[in-house]
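Top line first, the protein sequences correspond to chains A and B.
Note that our numbering gives residue 288 to position 272 of the first sequence, counting from 1, and the numbers run on in steps of one.
Note that our numbering gives residue 263 to position 247 of the second sequence, counting from 1, and the numbers run on in steps of one.
2 protein chains.
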Amino acid sequence: MKNAAAYSDARNKAQELVSKMTVEEAASQLRYDSPAIERLGIPAYNWWNEALHGLARNGITTVFPQAIALAASFDEKLVFEVADITSTETRAKFNVFSKQGDRDIYKGLTMWAPNINIFRDPRWGRGQETYGEDPFLTATLGKAYVHGLQGDEDILKTAACAKHFAVHSGPEGVRHEFNAEADAFDLEDTYLYAFEELVKEADVEGVMGAYNRVNGEPACASDFLMSKLHDWGFAGYFVSDCWAINDFHTHHMVTSNAVESAAMALNAGCDVNCGCCYVNLIAALEQGLTTEEKIREAAVHLFTTRYKLGMLGGSTPYDDIPYTVCACDEHKQKSYEASQKAIVLLENNGILPLDKSKLKTIAVIGPTATSTAVLEGNYNGTSDTYHTFLEGIKDSFDGRVLYSEGCHLFKDRVSVLAQPDDRLSEAYTVASLADVVILCLGLDATIEGEEGDTGNEFAAGDKLDLRLPESQRRLIECVRKTGKPVIAVVAAGSAINTETEFDALIHAWYSGAEGGRALADILFGRISPSAKLPVTFYKDADELPDFTDYSMKGRTYRYIENGSNVLYPFGFGLTYSKVEVTGLTYDSGNAKVSFKNTGSSDTQDVIELYIKPDDERCRENYHLCGFARVDTKAGQSGEVTVKIPDKAFTFVTEQGERVRAGSFKLYASTHQPDELSCKLNGTDFVSIGVNI
Amino acid sequence: MKNAAAYSDARNKAQELVSKMTVEEAASQLRYDSPAIERLGIPAYNWWNEALHGLARNGITTVFPQAIALAASFDEKLVFEVADITSTETRAKFNVFSKQGDRDIYKGLTMWAPNINIFRDPRWGRGQETYGEDPFLTATLGKAYVHGLQGDEDILKTAACAKHFAVHSGPEGVRHEFNAEADAFDLEDTYLYAFEELVKEADVEGVMGAYNRVNGEPACASDFLMSKLHDWGFAGYFVSDCWAINDFHTHHMVTSNAVESAAMALNAGCDVNCGCCYVNLIAALEQGLTTEEKIREAAVHLFTTRYKLGMLGGSTPYDDIPYTVCACDEHKQKSYEASQKAIVLLENNGILPLDKSKLKTIAVIGPTATSTAVLEGNYNGTSDTYHTFLEGIKDSFDGRVLYSEGCHLFKDRVSVLAQPDDRLSEAYTVASLADVVILCLGLDATIEGEEGDTGNEFAAGDKLDLRLPESQRRLIECVRKTGKPVIAVVAAGSAINTETEFDALIHAWYSGAEGGRALADILFGRISPSAKLPVTFYKDADELPDFTDYSMKGRTYRYIENGSNVLYPFGFGLTYSKVEVTGLTYDSGNAKVSFKNTGSSDTQDVIELYIKPDDERCRENYHLCGFARVDTKAGQSGEVTVKIPDKAFTFVTEQGERVRAGSFKLYASTHQPDELSCKLNGTDFVSIGVNI
């Protein structure tokens with residue numbers, strides 16, 4: 017909503033409409049499943065829709081790689097395009113379904129995405145929904161996603177929603193009663209950074225509160241957090257996380273009943289209740305716990321959004337988007353491009369890309385090889401076509417492909433009545449018969465995801481550690497006994513330590529419906545991998561601070577102290593070539609980076625810029641302040657200009673104050689400017705001093 | 017085992033080996049998971065393996081259409097070839113896995129297939145495992161399957177097992193305590209027919225008892241049934257159904273504890289216990305409930321089978337079968353051929369085959385379109401490639417294919433939090449946009465199958481009626497509102513009444529991993545359908561005798577009295593052409609049938625021969641006594657000779673005596689010789705009198 021007049025017009029209309037409602041009617045509109053008010057011509061509306069990586073849970077749509085995988089692309093334009101397609105498909109479905117009177121959940125225009133929480137701890141099951149551990153990367157991609165969802169017209173294409181505000185990143189098992197404690201430094205330097213950016217710079221239309229308390233206040237009724245939104249000029253709607261307001265009296269114990277909880281949330285500024293607690297608003301009003309003004313003001317916020325979306329009469333620029341755009345070939349091609357750019361190559365002893373002419377038989381082994389769940393991740397749509405890893409490989413290779421499931425994803429046997437490890441003899445056999453093994457490992461949303469969604473009884477969707485499940489560790493051991501070359505492909509939404517040296521190691525994330533095609537194209541060298549880790553891969557979670565400790569000290573590349581616990585650094589990822597930064601200059605907000613592809617393959621790569629102030633008070637090691645995806649031909653040089661945001665020239669004091677510094681060190685490379693990254697990547701970095 | 021000397025040799029070796037065992041050792045070998053006896057060089061062996069339609073539950077194998085679908089092919093040679101491939105893959109896996117010491121369940125050579133129970137009532141969930149309602153068809157295909165599994169060498173390729181002996185066909189919910197009552201007539205004319213044939217003519221190596229009682233005796237310890245096997249000269253092994261012996265004291269209440277149950281089964285002649293009851297055999301011996309001789313004789317039976325299989329030393333003709341045959345292209349091609357020959361065309365107003373050149377957009381709608389479960393049926397293997405209905409159609413059509421799940425298979429909504437019918441707006445939309453709708457309906461093994469296996473809480477795997485689930489009926493209603501032409505494809509293992517007139521109706525069964533390819537080739541006319549129903553499709557199950565009534569009176573085409581309840585008759589199925597029988601002669605056991613393809617397409621079809629004695633005492637309407645699949649070119653005539661078995665010239669008296677008659681009426685057509693079949697098929701039949 018770039019146009020202030022359009023906003024003002026929407027708000028005026030909303031005020032007028034709400035003024036015609038009884039207070040009971042106004043209160044009814046604050047439920048996520050708000051009923052029709054027929055006498056005022058207001059149709060029913062369900063505020064709940066999901067779109068983390070494509071429109072979700074609304075039939076057939078384009079299924080893009082999971083958010084964490086999109087982050088691995090380090091490609092702002094791509095993320096915008098994914099969101100743009102998502103909102104196009106949302107409008108396409110909305111156009112026809114609403115005409116048929118279908119105004120059900122997941123079919124509206126208020127998308128509860130993106131998830132811009134910081135992936136602070138690799139054990140968090142919902143970390144896959146985020147853009148990783150870095151606030152700058154998160155904010156940059158989050159803004160691009162909001163832009164794609166909301167569009168550039170006066171009427172919002174769809175309404176994005178930044179969630180979960182704030183200081184929310186597990187553990188899932190205690191999220192309903194947990195009090196996240198964050199000091200002023202971490203709030204400013206980490207937890208609020210992306211939310212502020214999305215509100216101020218992307219005009220995100222919605223903000224969703226978190227389940228947990230933040231420094232004692234429930235996030236969905238936190239005066240502190242609401243005051244931040246106010247300071248940032250937030251003019252959209254605030255929604256509770258689903259059934260979070262119930263937690264006030266059932267888990268957080270900050271109120272004694274649902275009436276009090278409803279009042280508390282409303283009074284704090286929560287406009288719409290995902291859940292059912294707001295059925296008590298009129299009782300709260302009668303008990304003097306809230307006011308009619310509060311109810312009406314929340315309703316005005318909500319109807320302002322609905323007017324901004326053009327949902328209450330008149331035409332919109334989106335009315336002619338035809339249904340046939342949904343999951344069309346062009347959109348699938350973009351999903352394929354996203355998969356290509358998301359899959360990270362972590363190890364390669366030279367076996368990749370595979371030379372088909374030298375291969376007669378490939379063994380594809382493992383529990384994720386034929387899985388569509390590992391393409392989907394969570395909060396996913398449904399595709400009419402899935403390219404699994406196995407299908408991708410079979411479609412790309414004319415020789416014999418032998419397949420074995422190898423083991424269950426996490427159970428100790430595939431057949432209930434069998435002995436443990438009942439597929440290992442098959443796995444061993446097909447490995448023995450092959451020239452090379454593609455070992456497909458990993459997790460899926462049944463064991464890595466959200467509390468309540470998953471079958472992971474031990475940790476409510478979180479990981480207990482960074483290891484693969486025991487069943488898969490045994491499979492690895494078995495396959496390695498054959499002595500055959502092994503390329504491991506790990507599908508997971510988070511850091512995994514395979515504890516094994518493979519000939520090559522690929523981290524595929526949850527790579528979207530076209531994931532298998534992209535994987536095969538990388539394996540066989542039709543394209544070069546070019547993605548980078550948006551999170552640090554640690555060796556051992558036990559070396560990290562406690563999962564419930566929200567201090568950032570010792571966490572993520574920005575604050576890590578124990579470098580020996582890093583397996584693969586944030587920002588790391590190999591290509592089939594070698595791109596070296598050869599020069600760096602800075603002038604008036606722009607860094608100019610020259611680079612050369614000194615390898616023998618064409619490839620894309622990511623130029624990463626990090627910055628650190630020359631000020632002892634700065635507690636960060638350094639931080640990402642710019643990045644650019646570049647396309648390079650073997651042997652050729654290039655140059656790219658990267659905008660460095662003004663905020664990069666600030667840092668946060670221990671007291672949480674953001675202050676400017678005068679001089680900085682600016683680093684450029686295709687990785688982090690540290691020893692491990694240089695060693696893994698085989699290239700150095702270039703750095704310069706910058707005075708502001 | 018064609019060679020009596022080889023049998024005798026195996027039995028001698030078995031006697032010698034068992035004589036070296038202690039009685040405890042001998043008793044241990046009667047468990048399905050029999051342990052090694054190291055001092056005698058006997059490895060562990062698990063008797064339990066499954067192979068109804070391809071090797072099951074043992075990793076990647078060729079997944080053929082379900083047994084009921086194979087029956088619909090009316091193709092004895094095909095059924096033999098399917099079983100031959102199944103035993104080839106079983107040996108291939110056994111060769112490598114046993115060398116690796118993997119002697120687990122589903123990895124042995126004793127296959128508990130085929131299921132030759134008579135599909136007496138269309139509500140039975142396990143009817144899909146059988147060859148349908150007709151004893152002659154069941155026996156003919158059953159023998160072919162046994163032949164394919166057991167091979168033609170002196171050493172058995174694998175050991176087949178005829179199950180479940182006998183009088184077993186639901187209801188699943190009461191199978192553990194049920195007493196099936198069958199009179200002498202039905203036993204001879206229906207329930208024992210195929211078992212007798214498989215023992216006498218196919219030398220089936222195993223027989224498995226049923227869960228239920230038969231006329232008061234538990235089938236796994238029935239003196240009556242065992243005496244029949246003895247009379248037929250059965251020389252193989254007898255196995256209990258799994259945990260059936262436990263039912264003796266827990267459900268049938270014919271014994272008071274597990275020791276008595278074990279003794280009862282062993283004494284009756286049950287050699288191997290699927291379950292754990294035989295751990296009590298030594299206690300039974302000590303209590304004087306059985307004898308050492310009984311234990312040793314059972315062990316001799318089992319080791320005779322193991323010697324026949326060449327499992328105890330020496331080489332076999334199968335040792336060189338390489339692992340790479342498993343799920344190889346050639347085997348998949350046979351599965352594809354089976355799918356083609358199994359899919360039945362029930363209605364066609366001329367819309368089929370589809371003319372691609374006139375179609376821009378096809379809508380594929382319905383909960384079975386992307387399902388691999390409807391390709392698998394139950395007791396299935398796992399394929400490395402599945403061609404779903406949607407994939408088959410997409411791969412065969414260059415225009416736009418729009419897909420919607422339409423509804424859940426049986427639940428009232430797809431998304432838990434949504435309103436009911438939450439995919440109907442999508443289904444309506446894609447149907448509206450299409451030139452033609454392929455509506456993919458049906459069931460799968462989660463709601464049609466075995467007690468204990470299924471999620472069908474109402475009927476333990478059985479169907480309550482012949483209707484599609486409510487969710488699908490609502491989908492049909494929604495799609496029909498668009499007025500678009502609709503081709504319905506029903507995947508189910510049994511009769512379904514869709515209660516709707518479609519432009520075309522296809523019954524696809526559970527059509528194997530290549531099912532979608534075969535379906536698409538039929539839809540687009542690359543091949544003509546040619547399968548026939550191996551069961552009567554009724555309009556209403558309520559018009560049938562009670563499900564628990566095992567009298568055949570009023571059941572199946574042989575005894576049906578209420579013809580108005582028949583929707584599609586046994587033996588019925590359309591092609592894209594019209595094949596008419598033009599002449600019939602009989603001489604010395606052979607019928608010669610001439611026919612003409614008077615339509616405009618090349619097609620295969622099935623010549624069906626039925627017989628009825630000129631004797632008032634015969635209670636059958638008539639019965640199938642021969643069939644032949646023929647290949648015909650449009651406009652051309654042909655001739656086929658069909659062997660009529662000697663038994664066809666007998667009938668069974670009310671007292672259960674099989675007697676010869678002197679004169680018969682013999683009918684030939686591509687369907688049953690009744691009015692409804694003639695009308696549906698658009699062709700008549702030819703009949704002659706035969707005097708013997």
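The beta-carbon is built from N, C-alpha and C at its ideal position, and this holds for glycine as well.
Small disclaimer: the values here were computed from a predicted structure and weren't measured.
Item to check | Those runs of the beta strand (DSSP E) which lie wholly inside the stretch 322-381 of chain B and span at least 3 residues | outcome: Runs found: 360-364 and 377-381.
Checklist entry - Who pairs with Gly-458(A) in a beta bridge, going by DSSP? => result Beta bridge pairing from DSSP links Gly-458(A) with Ala-507(A).
Item to check | As assigned by DSSP and simplified to three states, the class of Ala-644(B) | outcome: In this structure, DSSP gives Ala-644(B) an extended state, which the three-state scheme calls strand.
Checklist entry - Going by the CB atoms, is the gap between Gln-349(B) and Asp-537(B) shorter than 8 Å? => result Not closer than 8 Å, so no.
Checklist entry - Between Lys-36(B) and the rest of its own chain, which residues show a CB-CB distance below 7 Å, the 5 nearest in sequence each way excluded? => result Leu-56, listed in sequence order.
Checklist entry - For Asn-65(B), which three-state DSSP category applies? => result Under the three-state reduction of DSSP, Asn-65(B) is assigned to strand.
Checklist entry - Under the three-state reduction of DSSP, which class applies to Asp-400(B): helix, strand or coil? => result DSSP places Asp-400(B) in coil when its eight states are reduced to three.
Next on the checklist: Within the continuous beta strand (DSSP E) that includes Ala-178(A), where are the two ends?
Outcome noted: Ala-178(A) -> beta strand (DSSP E) spans 177-181.
Next on the checklist: For Phe-135(A), which residues in the same chain have their Cβ closer than 6 Å to its Cβ, ignoring the five residues on either side in sequence?
Outcome noted: Only residues of its own chain outside the window of five on either side were considered, and among them Gly-143, Thr-146, Gly-148, Glu-149 and Val-551 have a CB closer than 6 Å to the CB of Phe-135(A), listed in chain order.
Checklist entry - In the structure shown, what three-state DSSP assignment does Met-242(B) receive? => result Reduced to three states, the DSSP call for Met-242(B) is helix.
Next on the checklist: Could you check whether Val-112(A) and Phe-181(A) sit closer than 8 Å to each other, using their CB atoms as the reference points?
Outcome noted: No, they are not a contact pair.
Checklist entry - Within 10 angstroms of its Cβ, does Met-17(A) collect 16 or more other Cβ (buried), or is it exposed? => result Annotation note: pLDDT 44 at Met-17(A) (below 50); position unreliable, no value reported.
Item to check | C-beta atoms of Leu-94(A) and His-69(A) nearer than 8 Å | outcome: In this structure, Leu-94(A) keeps its C-beta atom at 8 Å or more from the C-beta atom of His-69(A).
Checklist entry - Would DSSP call Tyr-526(A) helix, strand or coil? => result In the structure shown, Tyr-526(A) sits in coil (DSSP, three-state: anything other than H, G, I, E or B).
Next on the checklist: Please report whether the beta-carbon of Ser-616(B) lies at a distance below 8 Å from any beta-carbon of chain A.
Outcome noted: Put simply, the CB of Ser-616(B) is far from chain A, with every gap to its CB atoms at 8 Å or more.
Item to check | Cα-Cα separation, Cys-344(B) to Arg-490(A) | outcome: The alpha-carbon of Cys-344(B) is positioned some 27 Å away from that of Arg-490(A).
Item to check | Residue from Arg-416(A), Gly-672(A) and Thr-648(A) with nearest C-alpha to Thr-619(A) | outcome: That would be Thr-648(A), whose Cα lies nearest to the Cα of Thr-619(A).
Checklist entry - Which residues in chain A sit within 9 Å of Leu-539(B), going by Cβ to Cβ distance? => result One finds nothing in chain A with a Cβ atom closer than 9 Å to the Cβ of Leu-539(B); even the nearest lies about 17 Å away.
Checklist entry - Is DSSP giving Met-17(B) helix, strand or coil here? => result Residue placement at Met-17(B) is flagged as unreliable, the pLDDT there being 44, under the threshold of 50; a coordinate-derived value is accordingly withheld.
Checklist entry - Going along the chain, which residues of its own chain have a beta-carbon closer than 7 Å to the beta-carbon of Tyr-209(B), five neighbours each way excluded? => result Closer than 7 Å at Cβ, skipping near neighbours: Pro-151 and Ala-155.
Checklist entry - Using 8 Å as the limit for Cβ to Cβ distance, is Tyr-339(B) near chain A? => result Interface residue, yes.
Checklist entry - To which residues of the same chain is Asp-621(B) closer than 7 Å at the C-beta, ignoring the five residues directly before and after it? => result Same-chain partners within the cutoff: Ser-546, Thr-591, Val-595, Val-646, Thr-648 and Thr-686.
Next on the checklist: Measuring straight from C-alpha to C-alpha, what distance separates Ile-704(B) and Val-675(B)?
Outcome noted: Looking at the two C-alpha atoms, the distance is approximately 21 Å.
Checklist entry - When we look at the beta-carbon of Asp-690(B) and count the other beta-carbons within 10 Å, is it buried (16 or more) or exposed? => result Counting every other CB atom within 10 Å of its CB across the protein chains shown gives Asp-690(B) a total of 16 or more, marking it as buried.
Checklist entry - Quick one: which chain A residues come within Cβ less than 8 Å of Val-112(B)? => result Neighbours of Val-112(B) on chain A, chain order: Ser-441 and Thr-445.
Next on the checklist: Taking beta-carbon pairs under 7 Å, can you tell me which members of the stretch 52-86 of chain A lie near chain B?
Outcome noted: So the close ones are Arg-73, Gly-75 and Ile-76.
Checklist entry - Can at least three beta-carbon pairs, one atom from the stretch 445-465 of chain A and one from the stretch 407-425 of chain A, be found at a separation below 8 Å? => result Pairwise C-beta distances place the stretch 445-465 of chain A in contact with the stretch 407-425 of chain A, as three or more of them are shorter than 8 Å.
Checklist entry - Can you name the residues that DSSP bridges to Val-675(A)? => result Beta-bridge partners assigned by DSSP to Val-675(A): Phe-667(A).
Next on the checklist: Beta carbons nearer than 7 Å to chain B: which residues of the stretch 21-45 of chain A have them?
Outcome noted: So the list is empty, because no residue satisfies the distance condition.
Checklist entry - Does Gln-488(B) come within less than 8 Å of chain A when only Cβ atoms are used? => result Closer than 8 Å: no.
Checklist entry - Where do the ends of the alpha helix (DSSP H) carrying Arg-47(A) lie? => result No residue range can be given for Arg-47(A), since it is assigned to no alpha helix (DSSP H) and is classified by DSSP as neither H nor E.
Checklist entry - Using a C-beta to C-beta distance shorter than 8 Å, which residues of chain A count as neighbours of Asn-420(B)? => result At residue 420(B) the sequence reads Ser, which differs from the Asn that was named. Per Cβ cutoff of 8 Å: Gly-75 and Ile-76.
Next on the checklist: Relative to the C-alpha of Arg-416(A), which candidate in Ala-379(A), Leu-440(A) and Asp-437(A) has its C-alpha closest?
Outcome noted: It is Ala-379(A).
Checklist entry - Comparing the C-beta of Arg-107(A) with each C-beta of chain B, is any distance below 8 Å? => result Arg-107(A) has a beta carbon lying at 8 Å or more from every beta carbon in chain B.
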